[in-house]
Each structure stands twice: as structure tokens, then as C-alpha cells.
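Residue numbers (the UniProt record's numbering), protein chains in the order written: chain A, 1 to 131; chain B, 1 to 131.
Quick reminder that beta carbons are idealized off the backbone N, C-alpha and C, glycines included.
Just so we're clear, the structure is a prediction, and the values are computed from it rather than from any experiment.
I have placed the structure first, in the form of C-alpha cells, so that the comments after it can refer back to it.
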């Protein structure tokens, strides 16, 4: 994707460190592929929160942000809480924010969802549990 | 894996239908690969619950159950709630239950965790959001 697109990788957050670690490492892997800036933010408990995550793109020169939930499936968090935190229309799943006085488009990506790669990874975890 | 191993695919559960749909489809994909029985259960809100999920292996002739959490990372659910519901030692992450009067071993698999396949799928979702 173009370098004027920022990706805001969104995690659920947790009282334990593992969700944040997972989201951070996932963002690092995405940053290897993506030409634009990649940032992280969390809905609950971990920092930065979503407002701080949006602000962390200030000065990067991006024109668009994709809010990318690292969630397995849609639910209250992806359909209601994240659009609300981003001040994005929950039906259109797009909106905008101001960064350094410039209007920046925001689009909400879908959660991971069903995919053969998830099933294959899960089956690998099942196999490892018997080793 | 051997056909005497049952896989109990575990979801978080949700007030909306999407987590259950995701877990069901994931279990269907796993069942295409696995020679033994595959069942589902949910920690919260959706049915069957974990006790009912364990009982659903009755009559299948399995000797072992892998409890496979379809969760992205460890947290309170995978480290505390699921072992408690399975009556499994939370440190050893293994234990047993009785099915039709026969002792059956239970092992808890790790959550999905960080993997290049998750990052690649997430990046695909980000790309789709700009289409």
C-alpha cells in the first residue's frame, strides 16, 4: 500500500502483557511489508489508547489511516466501541480526523475473520499440545 | 493427529453471532484435517458451554482431548478461566475428566499467538479496507 497510508493496528488490551506483546509483534511484521507508518493502540487497559494512537501519526505526512483491528471476529468492540473511539460512522465504517490541521480519512478494516491460515495455525497449536 | 484425540475448539462467545460463526467455521476447517472428533464450546454467552463441550465427546472412543482456544493471545481467559472450567491444573495445563466412566486426558493448547500468517491476513484486511 501507498506510503501516504498509515495503519493503526488495534488491540483489545489486557490486564496481562500478552495481548500487547502480540499486537506489537504483529505491527512489526506488518511494518516490514507496508511502505507507510504503522502505529498501535488499544481499546482497554493498555497504552496508547486510540486517541493517542491517531495523534501518533502527526508529522508523518499521511492522508489516510486504516484502523486495523487485531480481533478474530466482529463483536461489540469492532462494531461499536472502535468506531466510537475513532469518531467514525459505525455503519459506513469510515470518517476523518484532523492531524496538524489537515483532514485525514479514516477507514475501519474488517477483523481477521475465518481463514484457512487461522485454522492451520490453530491445528498446529493443537498438535504442539500433545508433544 | 491420531483418531483417539478429540479437539475441543474453544471460543470466547459474544452477545453477537460473529464469534460463534467464526469458531464454528474454524472447527469445520480443522475437522477436514483431523482424524478424530472435533467439537466446539464457549466460555461466555454462547452454547455449548465448556462442560457440555466435554460431554459431547461421550461415545466417541477418544482417550485424549486437546482444548484449543481460538484466542489471539494468553490472558485471564486462557490462563485462568478455561483451566478452571476444564478442572485442569492452570500451571501444568493438563488434567483429566471422566467420559462414560473412562478417564480421558485433557491438555490445553496455546492460543494462536504471533505468527506471520496472522500478520499477512491482517495486512490483507487493511488492503481490502481501501478498495
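Check: Whole-angstrom C-beta distance between residue 10/B and residue 83/B, which should lie under 8 Å; Outcome: With a Cβ gap of about 11 Å, residue 83/B and residue 10/B do not count as contacting.
Check: The region 19-33 of chain A touching the region 48-62 of chain A, judged by at least three CB pairs closer than 8 Å; Outcome: no
Check: Residue 8/B, enclosing beta strand (DSSP E) - first and last residue; Outcome: 5-11
Check: Option nearest residue 19/A by Cα separation, candidates 5/B, 39/B, 62/B and 71/B; Outcome: 71/B
Check: Simplified DSSP assignment, three categories, for residue 29/A; Outcome: helix
Check: Burial state of residue 15/B (16 or more Cβ within 10 Å); Outcome: exposed
Check: Short Cβ contact (8 Å threshold) for residue 53/A with residue 40/A; Outcome: yes
Check: Backbone secondary structure at residue 66/A - three-state DSSP; Outcome: strand
Check: Range of the contiguous alpha helix (DSSP H) that encloses residue 117/B; Outcome: 116-129
Check: Assigned exposure category for residue 35/A - 16 Cβ within 10 Å defines buried; Outcome: exposed
Check: Candidates 77/B, 26/B, 115/B and 1/B, of which the one nearest residue 12/B by Cα; Outcome: 77/B
Check: Pick from 128/A, 59/A, 64/A and 22/A that is closest to residue 94/A, judged by C-alpha positions; Outcome: 64/A
Check: is_contact[residue 5/A, chain B] using C-beta, thresh 8 Å; Outcome: yes
Check: Option in 129/B, 86/B and 130/B with minimal Cα separation from residue 67/B; Outcome: 86/B
Check: Limits of the beta strand (DSSP E) - the one that residue 51/A falls within; Outcome: Looking at the DSSP string, residue 51/A is not in any beta strand (DSSP E); the run it does join, the alpha helix (DSSP H), is 50-55.
Check: C-alpha gap between residue 128/A and residue 117/A, whole angstroms; Outcome: 17 Å
Check: is_contact[residue 96/B, chain A] using C-beta, thresh 8 Å; Outcome: no
Check: Cβ-based contacts, 7 Å cut-off: residues of the region 36-60 of chain B near chain A; Outcome: none
Check: Below-8 Å beta-carbon distance, residue 19/A vs any chain B residue; Outcome: yes
Check: Residues in the region 109-131 of chain A having any Cβ partner in chain B nearer than 9 Å; Outcome: 109, 110, 111, 112, 113, 114, 115, 116, 117, 118, 119, 120, 121, 122, 123, 124, 125, 126, 127, 128, 129 and 130
Check: Separation of residue 96/A from residue 55/A, as counted between CA atoms; Outcome: 13 Å
Check: Partner residues on chain B for residue 87/A, Cβ-Cβ distance less than 8 Å; Outcome: What residue 87/A touches in chain B: nothing, since even the nearest Cβ is about 17 Å away.
Check: Contacts around residue 131/A, its chain only, beta-carbon distance under 7 Å, and the 5 residues preceding and following it disregarded; Outcome: none
Check: Distance between beta carbons of residue 112/B and residue 121/A, contact taken as under 8 Å; Outcome: 5 Å
Check: Per-residue burial, residue 140/A [other beta carbons within 10 Å of its own, 16 or more giving buried]; Outcome: Any answer about residue 140/A is impossible in this case: the structure gives chain A only from 1 up to 131.
Check: Reduced DSSP category for residue 99/B - H, G, I as helix; E, B as strand; rest coil; Outcome: strand
Check: Exposure of residue 2/A, with buried meaning 16 or more beta-carbon neighbours within 10 Å; Outcome: exposed
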